[in-house]
Amino acid sequence: MSAHATPIPMIARRSPALTGVAQIPGDKSISHRALILGALSVGETRITGLLEGQDVLDTAEAMRAFGATVTRLGEGEWIVQGVGVGGFAEPAQVIDCGNSGTGVRLIMGAMATTPITATFTGDASLNKRPMGRITDPLALFGARAVGRQGGKLPMTLVGAAEPVPVRYTLPMPSAQVKSAVLLAGLNAPGETVVIEPEATRDHTERMLRGFGAEVIVEESPEGRVITLKGQPELTGQSVAVPRDPSSAAFPVCAALLVPGSEILVPGVSRNPTRDGLYVTLLEMGADIAFENPREEGGEPVADLRVRHSPGLKGVTTPEDRAASMIDEFPVLSVVAAMAQGTTVMRGVKELRVKESDRIDAMARGLEACGVRIEEDEDTLIVHGTGRVPGGATCETRLDHRIAMSFLVLGLVAEEPVAVDDGGPIATSFPAFEPLMAALGARIARR
Numbered sequence: 001m002s003a004h005a006t007p008i009p010m011i012a013r014r015s016p017a018l019t020g021v022a023q024i025p026g027d028k029s030i031s032h033r034a035l036i037l038g039a040l041s042v043g044e045t046r047i048t049g050l051l052e053g054q055d056v057l058d059t060a061e062a063m064r065a066f067g068a069t070v071t072r073l074g075e076g077e078w079i080v081q082g083v084g085v086g087g088f089a090e091p092a093q094v095i096d097c098g099n100s101g102t103g104v105r106l107i108m109g110a111m112a113t114t115p116i117t118a119t120f121t122g123d124a125s126l127n128k129r130p131m132g133r134i135t136d137p138l139a140l141f142g143a144r145a146v147g148r149q150g151g152k153l154p155m156t157l158v159g160a161a162e163p164v165p166v167r168y169t170l171p172m173p174s175a176q177v178k179s180a181v182l183l184a185g186l187n188a189p190g191e192t193v194v195i196e197p198e199a200t201r202d203h204t205e206r207m208l209r210g211f212g213a214e215v216i217v218e219e220s221p222e223g224r225v226i227t228l229k230g231q232p233e234l235t236g237q238s239v240a241v242p243r244d245p246s247s248a249a250f251p252v253c254a255a256l257l258v259p260g261s262e263i264l265v266p267g268v269s270r271n272p273t274r275d276g277l278y279v280t281l282l283e284m285g286a287d288i289a290f291e292n293p294r295e296e297g298g299e300p301v302a303d304l305r306v307r308h309s310p311g312l313k314g315v316t317t318p319e320d321r322a323a324s325m326i327d328e329f330p331v332l333s334v335v336a337a338m339a340q341g342t343t344v345m346r347g348v349k350e351l352r353v354k355e356s357d358r359i360d361a362m363a364r365g366l367e368a369c370g371v372r373i374e375e376d377e378d379t380l381i382v383h384g385t386g387r388v389p390g391g392a393t394c395e396t397r398l399d400h401r402i403a404m405s406f407l408v409l410g411l412v413a414e415e416p417v418a419v420d421d422g423g424p425i426a427t428s429f430p431a432f433e434p435l436m437a438a439l440g441a442r443i444a445r446r
């Protein structure tokens, strides 16, 4: 069932050409961070373009529980009155992060070096996800976590009374882990250092600087070395949230596949640590033009003009690109199924611990639609033939990206493709249905 309601079965049918302008909602990663850093700042943070999906709304509610004043002024426009670094109050109630792994992990980091206690929970999907990858480095600061067997939510975190700075090498490429450690380092004395052998999305480093923290990023033989000077006074800022490249992926990929399509997708983030899907699509032969490049909210953005691209070819995505497109592999596997030849996606084991095991979810759904798949723990291989029979109902497993990916497939499959539950789409892209309908997509609730 859905994260917050009964299941919403949906179906997508072969579609006429998609045309028009797709106004994508704000970036989810940046929206979470803007709320959290606003809460950790002194003074007022004004946010425009905030994604108002359920994941981000849950983070806003959590910041209220820790003592910040969070107010919605209008669509996408919010104000946060912060409490300063180390100023979080102990929440009176359990913090429910719903479906959001980003939300719970970043919030845990933000509170881990303040001497308060908080209990975290989530929906059925989130409560299955591993939290040891966060609580292990937070323990180095002096925080203590008690959760279910296997380090899962519900979990109580006791913040460090006398935090110490940490030097930590990421054992896996994870922006969530990196960000949790950096946020914890804010209230620790001295310098906290995070070493990432493989670069991940860098929104936290960019935004920390924007709020007044001293952050130095250097390249070394070990990888990317990020040094944060602890106990700064962060100052409230104005944050313009760019549009989410992960959400943009769905109408972009749909337009590439549906014959006769041409759409414009304005203001999409082109942060190089998030750009892997678009690099890969160009390699496959996609007709995407990046118009009016500029900077918004400290992030590079551009308007994407996307045209139907017959003759897409299978490619191999290198392991070192995986972190920059980790959330886009499900919809890339749909494009791969409609391409000619084999697409090999390497270095994708992180997909197995997302909202669902995304490798397994996509493999089983694509197989049910008539696509030949191979997989191992760290690889997904799609054998594309330029056509997909379709005709299946695919399990979404409480995962918004799985749901949207199979609905995109239904727009070009020979027979309709259904999903058992489209409800989770609201966690990240609540406007998905009306946006796609306005472009001409034949997606409906059953």
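Those letters in the sequence shown? Residues 1 to 446, per the UniProt record's numbering, in order. By construction, the Cβ of each residue, glycine as well, lies at the ideal position given by its N, Cα and C atoms.
Quiz item: Taking the Cβ atom as the reference point for each residue, do D55 and T396 lie within a distance shorter than 8 Å?
Solution: no
Quiz item: Should the stretch 399-417 be regarded as contacting the stretch 244-257, the criterion being three or more beta carbon pairs within less than 8 Å?
Solution: Yes: the two stretches touch, three or more of their Cβ pairs being nearer than 8 Å.
Quiz item: Going by C-alpha distance, which of G26, G103, G410 and V241 is nearest G298?
Solution: V241
Quiz item: Going by Cα to Cα distance, which pick from L153, T119, A118 and F141 is closest to G132?
Solution: That would be L153, whose Cα lies nearest to the Cα of G132.
Quiz item: Pick from L106, G101 and G142: whose alpha carbon is nearest that of N127?
Solution: G101
Quiz item: Can you tell me whether V83 is buried or exposed, with buried defined as 16 or more other CB within 10 angstroms of its CB?
Solution: buried
Quiz item: S356: which of V417, N99, V215 and L50 sits nearest, CA to CA?
Solution: N99
Exercise. Could you check what DSSP says for C253 in three-state terms: helix, strand or coil?
Key: helix
Quiz item: Per DSSP, which one or two residues make a beta bridge with L366?
Solution: Answer is none; L366 lacks a bridge partner.
Exercise. Determine, using beta-carbon pairs with one atom in the stretch 21-38 and one in the stretch 60-78, whether at least three such pairs fall under 8 Å.
Key: yes
Quiz item: Whose C-alpha, out of D96, F66, L312 and P91, is nearest the C-alpha of V85?
Solution: F66
Quiz item: Under 8 Å, do residue 501 and T59 count as touching if we go by C-beta distance?
Solution: Because the chain here runs from 1 to 446, residue 501 falls outside it and cannot be looked at.
Quiz item: Alpha carbon to alpha carbon, how far is A92 from T317?
Solution: 47 Å
Quiz item: For V306, does the three-state DSSP call read helix, strand or coil?
Solution: strand
Quiz prompt | Cβ contact (3+ pairs, closer than 8 Å) linking the stretch 206-215 and the stretch 230-240 | solution = yes
Quiz item: Could you give the distance in angstroms between the alpha-carbon of T45 and the alpha-carbon of P389?
Solution: 50 Å
Quiz item: Excluding sequence positions up to five away, which residues of its chain have a Cβ less than 6 Å from the Cβ of R224?
Solution: E196 and A199
Practice problem: Classify E283 as helix, strand or coil using the three-state DSSP reduction. | Solution: Three-state result, E283: helix.
Practice problem: Using 10 angstroms around the beta-carbon of D96, count the other beta-carbons present and answer buried if the total reaches 16, otherwise exposed. | Solution: buried
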